[in-house]
Ligand code: 6PG
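Listed below in structure tokens is the structure:
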């Protein structure tokens, strides 16, 4: 049976600020609709530096435009460091967003990276069942892309890429700085999202974006293998989209 075709869209913007502004509005609209339909909005935050401007923009949405009190926050991956470490994805998201919005503390699900591999099993239990027989677990997953095409802490050719059952796994050896072990959501976990949004900027990501959007092959990087129940949208600046064939682009 062939792979399910995923609705993918590549949206190209003049720069990261423009992409972040449109994506922030998209997230807020998705949150309002999710809460209207299901009473809550489950958001997965990405790590790295790219989404920081997006998070600061989201922090400016008040309760009338973003249902923060009905929002639940998870993380796509975490470094195996403490929650106050400069390398912690949680610390970065807290500084730019979570410390400024009224998401109830019990609904912010931090990956306890400082506990190492044991945190992976506990986080998978907190996420609960995933898979085609379960309802979508996440409403919207935010992801970044590394120059090698990795996403979350799913690095090319590493064992975590072959995981087909578990939702969260330890990554003993990182494939990029910081060179610390990681904990990451797996492809099956990402696939249990209603929607995935990649935010990518910079010429150093252009080859990775090109390969993710090329015809599927053994060279397709992890970011090109992400699927979702609904759609996978890429919000990309011109520099990162510079090597993608024009037919794939929808310039905004
Ligand atoms: C992490 C992220 C990782 C990140 C990419 C891009 O833990 O670092 O989950 O997947 O999104 O490496 O990072 P930048 O946004 O810093 O380029």
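Numbering (my numbering), first residue to last: 173 to 424. Beta carbons: idealized from backbone N, C-alpha and C, even for Gly. As the structure is a prediction and not an experimental result, all values here were calculated from the model.
Query	Result
Residue 174 classed as buried or exposed, judged by whether at least 16 other C-beta atoms fall within 10 angstroms	Reliability of the predicted coordinates at residue 174 is poor, the pLDDT of 48 falling under 50, and the value obtained from them is presented with this limitation in mind. Exposed.
Pick from 188, 229, 219 that is closest to residue 282, judged by C-alpha positions	219
Residue 199, enclosing beta strand (DSSP E) - first and last residue	Not the beta strand (DSSP E): residue 199 falls in the alpha helix (DSSP H), residues 188-210.
Beta-carbon proximity list for residue 302, same chain, < 7 Å, skipping 5 on both sides	309, 339, 360, 361, 364
Alpha carbon of residue 225 to alpha carbon of residue 189, nearest angstrom	7 Å
Residues near residue 382 by beta carbon distance below 6 Å, same chain, minus five either side	415, 416
DSSP state of residue 406 mapped onto helix, strand, coil	strand
Cβ-heavy atom distance, residue 194 to ligand 1, below 8 Å	no
Residue 240 versus residue 367: straight-line alpha-carbon distance, rounded	19 Å
Straight-line gap, residue 196 to residue 230 (C-alpha atoms, nearest Å)	6 Å
Residue 288: CB within 8 Å of a non-hydrogen atom of ligand 1	no
Alpha carbon of residue 304 to alpha carbon of residue 274, nearest angstrom	32 Å
Beta-carbon spacing of residue 328, residue 321 below 9 Å	yes
Cβ distance (whole Å) where residue 324 is taken to contact residue 270 below 8 Å	About 19 Å; that fails the 8 Å criterion.
Element boundaries [beta strand (DSSP E), containing residue 356]	354-357
Contact test: residue 374 Cβ vs ligand 1 heavy atom, cutoff 8 Å	yes
Coarse secondary structure for residue 179, derived from DSSP in three states	strand
Any chain B beta carbon closer than 9 Å to residue 220	The structure shown contains no chain B; it is built from a single protein chain.
DSSP-derived helix/strand/coil call for residue 174	Interpretation of residue 174 is limited by its pLDDT of 48, a score under 50 that renders its predicted location unreliable; the figure taken from the coordinates is listed afterwards. Coil at residue 174, not helix or strand.
C-alpha distance - residue 403 paired with residue 397, whole-angstrom precision	13 Å
Integer Cβ distance of residue 369 from residue 312, believed to fall under 8 Å	6 Å
Nonlocal neighbours in the same chain, by C-beta distance under 7 Å from residue 341, ignoring five residues either side	292, 332, 335, 356, 358
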